[in-house]
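In the numbering used here, the protein residues as written are 26 to 451.
Glycine residues also receive a C-beta, built at the ideal position from the N, C-alpha and C atoms.
As C-alpha cells, the structure follows; a few thoughts come after it.
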C-alpha cells in the first residue's frame, strides 16, 4: 500500500515553531507498524511580514524553529520541500478566548473503581455571539498531554449564554489526585475540520469504510495527513485531591494517600461528626511523611480511643490553586492496634509483578492479593508514575487473571504497568 505523508506542525503564542514529518499507510494503520520518519526535508516558516526561518532537524522526524515566535494576529506559512515536492500550509493565530470560569465536582455515590471516576468537570469560555467561532480543547493531567483526547467545537453546535459557551470534556473524566490543565484556543475552519474528523475517528464515531486514506483533511493539500496550526491558548487549572485511606491505631489515625509532585500543600479538614466542610476544623499545610513505597502519610495523634473522627483533604499547587475537598472518610482509634508507621500500605496489594516482552505484546504476571472476593486489574501507560488514580479508564483492564497478555503494542515504545485489586465495595 502507498505510504502517505503525515505532517503535524504548529506554532504557539510566544513559542517557536515545530513540525514532525513521517509516513503512514493511513489513519487506521496498525499500531505495530514501524514509523518511517522524514529526515531530509527542508522546512521554513514565514510570518506575514515576509520574515522567514529554516527549521533544524532534531530527531524522530521533528524539525525545530528558534527565532520566529508565535504572535497573536500574525498569519504564518509553513513550507516543506521533500525531493521535488513542496507542501504549503497557512494559519492565522487568533486571540486566546479566555475563561469565564472552570469547576470540578465530586459525584457522591459514583464508583471510582475499575478505571472509573467520581469526578466531572465543566467550564465556560468567552464566545462572542456576533461571530461564528471554532475552538480547540486540550487536556493535560499531571503534566501529560492526552493527545488522543483533543477535540474541537463549532460554536454553532452549542447555545451561547451571556457571551460564553458552557462545556464539559466529552472524552475524559477527571480522576482523583490530578493536576488538570484545560487549554482552549480559537482556530480557523480548516484546523477545526481536521480535529473534528480526528475526534470522530478516535472515538469510533465514523467507520473505516466511511473514511478516505487521507482523512482527516489537511491544510497541506491532497495526499497528506496532518495539519499546521497557529494557536494561542487560554488555560484553566483544576485540582482533584487524592483519596484518603485511614489506618486506625492506638490513640491515633494514620491517613495515607498517593503523592503527586504537582501539589505543594495539603490542608486537612476534620470533625468529630459526619459532614466535614470548609468551615470545619482545619490543619493547614500538614507535615507529610513518606514510606519507602512512596506513600504519603500523616499521623493524627493524641486522639481518644473509640471516638470517631472524620476527614477530608484539600490540595494546593505552587500557583495557589486549590482543589475541592476529597470524599469524606472516618475511623476510630483502636487500642488493640499498636501505634506504628513502619508498615503502612494503601490496601491489600498484588505482589511479584513481572512483565515479559514479546513481539507486539507483553505478558504480565503477578501473585494475587489475598481474598477470594477480590477482582484484579491492570493499569498501563507509556509514562512512568502510574497510580490507581491518575490513569484513564481507557488504559485499564479489569476482571482478569495472571498471566495476562497485553497485545497490539508498538515494539518501539516502552510500557509501564501496575496491578490492582478491588473488593467490589466503595
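Neighbour-count burial assignment, residue i, 16 or more Cβ in a 10 Å radius
i: residue 154; result: exposed
i: residue 438; result: exposed
i: residue 40; result: exposed
i: residue 135; result: Because the pLDDT of residue 135 is 48, which lies under 50, any placement of that residue in the model is unreliable, and the number read from its coordinates should be weighed accordingly. So residue 135 counts as exposed.
i: residue 315; result: exposed
i: residue 207; result: buried
i: residue 419; result: exposed
i: residue 318; result: exposed
i: residue 140; result: Note that residue 140 has pLDDT 40, beneath the 50 cutoff, so the model's placement of it is unreliable and no number is given.
Residue(s) in a DSSP beta bridge with residue i
i: residue 47; result: 31 and 62
i: residue 341; result: 290 and 347
i: residue 124; result: 150
i: residue 131; result: 144
i: residue 208; result: 163 and 260
i: residue 306; result: 295
i: residue 404; result: 421 and 443
i: residue 251; result: 32
i: residue 386; result: 383 and 432
i: residue 103; result: 70 and 114
i: residue 190; result: 150
Span separating the alpha-carbon of residue i from that of residue j
i: residue 402; j: residue 290; result: 31 angstroms
i: residue 425; j: residue 385; result: 20 angstroms
i: residue 308; j: residue 393; result: 38 angstroms
i: residue 202; j: residue 248; result: 43 angstroms
i: residue 276; j: residue 287; result: 32 angstroms
i: residue 297; j: residue 341; result: 25 angstroms
i: residue 447; j: residue 376; result: 14 angstroms
i: residue 28; j: residue 48; result: 6 angstroms
i: residue 329; j: residue 306; result: 17 angstroms
i: residue 187; j: residue 152; result: 9 angstroms
i: residue 262; j: residue 108; result: 45 angstroms
i: residue 32; j: residue 265; result: 35 angstroms
i: residue 42; j: residue 114; result: 13 angstroms
i: residue 35; j: residue 388; result: 38 angstroms
i: residue 351; j: residue 272; result: 17 angstroms
i: residue 416; j: residue 110; result: 42 angstroms
i: residue 380; j: residue 405; result: 11 angstroms
i: residue 143; j: residue 66; result: 47 angstroms
i: residue 278; j: residue 433; result: 45 angstroms
i: residue 257; j: residue 171; result: 18 angstroms
i: residue 452; j: residue 63; result: Any question about residue 452 goes unanswered here, given that the chain covers just 26 to 451.
i: residue 338; j: residue 444; result: 26 angstroms
Backbone secondary structure at residue i - three-state DSSP
i: residue 315; result: strand
i: residue 362; result: coil
i: residue 96; result: coil
i: residue 179; result: strand
i: residue 203; result: strand
i: residue 220; result: helix
i: residue 369; result: coil
i: residue 439; result: coil
i: residue 411; result: coil
i: residue 172; result: helix
i: residue 320; result: coil
Chain C contact for residue i (CB, 8 angstroms cutoff)
i: residue 357; result: Of the chains in the structure shown, none is chain C; there is only one protein chain.
Restricting to runs no shorter than 3 residues, where is the beta strand (DSSP E) found entirely within the region 255-284?
259-265, 270-274 and 277-282
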